[in-house]
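A short worksheet on the structure shown next.
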Amino acid sequence: MKINHQLALIVLIILFACTTSTFAQKKKEIREAGVKQKIEWRIIYENEKEIKYKEYEAQFDKQGNILIEKTYDEKGNIVKHIEYKYDGEGNEILQTTFNSKGEAIERVETTYSNGFKVEKKVFGPNGKLKSKKIFEYK
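Quick note: the sequence shown uses the numbering used here, first residue 211, plus one each step.
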């Protein structure tokens, strides 16, 4: 039984390492290529006719951090809009989600200490705290 737990832990560590390096590499590639914007187009075929619309758009800063994400419906209306803010170390400190009317529906504030994420607070549309997560490192 103990060996199964150790094996599962090793697999999780490997998966986490692979996932983390993939995200970091994408950010690094975006920074190195000087990408400022990413657009995803959806193409639908109806009655042998091609219908193309913008489905997703993202804007990046010079460090490769995502600043704004927008998701669109097939009519070009914004369905979801998320804005991000970062500290001087490149850590995400604020994420604000807006609905299709441009109203803030959720705000996530993240606090760091010595480069480690220590707290994440989620606020609802009324500005009241909905939940809080505390990160502990040993």
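Beta carbons are placed, not taken as given, at the ideal position from N, Cα and C, and that holds for glycine.
Short Cβ contact (7 Å threshold) for residue i with residue j
i	j	result
E319	L304	yes
I351	Y296	With the chain covering 211 to 348 only, the question about residue 351 has no answer from this structure.
V328	F345	yes
E260	R252	no
Residue i versus residue j - alpha carbon distance
i	j	result
N324	E258	57 Å
G300	E284	34 Å
P335	A268	23 Å
Y263	E279	16 Å
K236	K246	13 Å
S362	R317	In the structure as shown, the chain starts at 211 and stops at 348, and residue 362 therefore has no counterpart that could be examined.
E256	T306	36 Å
G298	K248	23 Å
Y322	E313	27 Å
Contact belief for residue i with residue j at Cβ below 8 Å, rounded distance in angstroms
i	j	result
R241	G286	Not confirmed; about 30 Å, so no contact.
K348	K330	Contact flag wrong, Cβ pair sits at about 18 Å.
Buried versus exposed, by CB contacts within 10 Å (16 or more), residue i
i	result
Y294	buried
F270	buried
Selected residue, minimal CA-CA separation from residue i, among the options
i	options	result
G337	I315, A268, E239 and K327	I315
K290	F270, E256, P335 and K311	K311
K238	F308, T307, I276 and Y266	I276
F308	E302, T321 and I292	I292
I244	E302, Y322, T306 and K272	Per the sequence shown, residue 244 should be read as Gly rather than Ile. The shortest C-alpha separation from G244 is found at K272.
K326	E313, I254 and E302	Going by the sequence as given, residue 326 is Phe instead of Lys. Among E313, I254 and E302, the Cα nearest to that of F326 belongs to E302.
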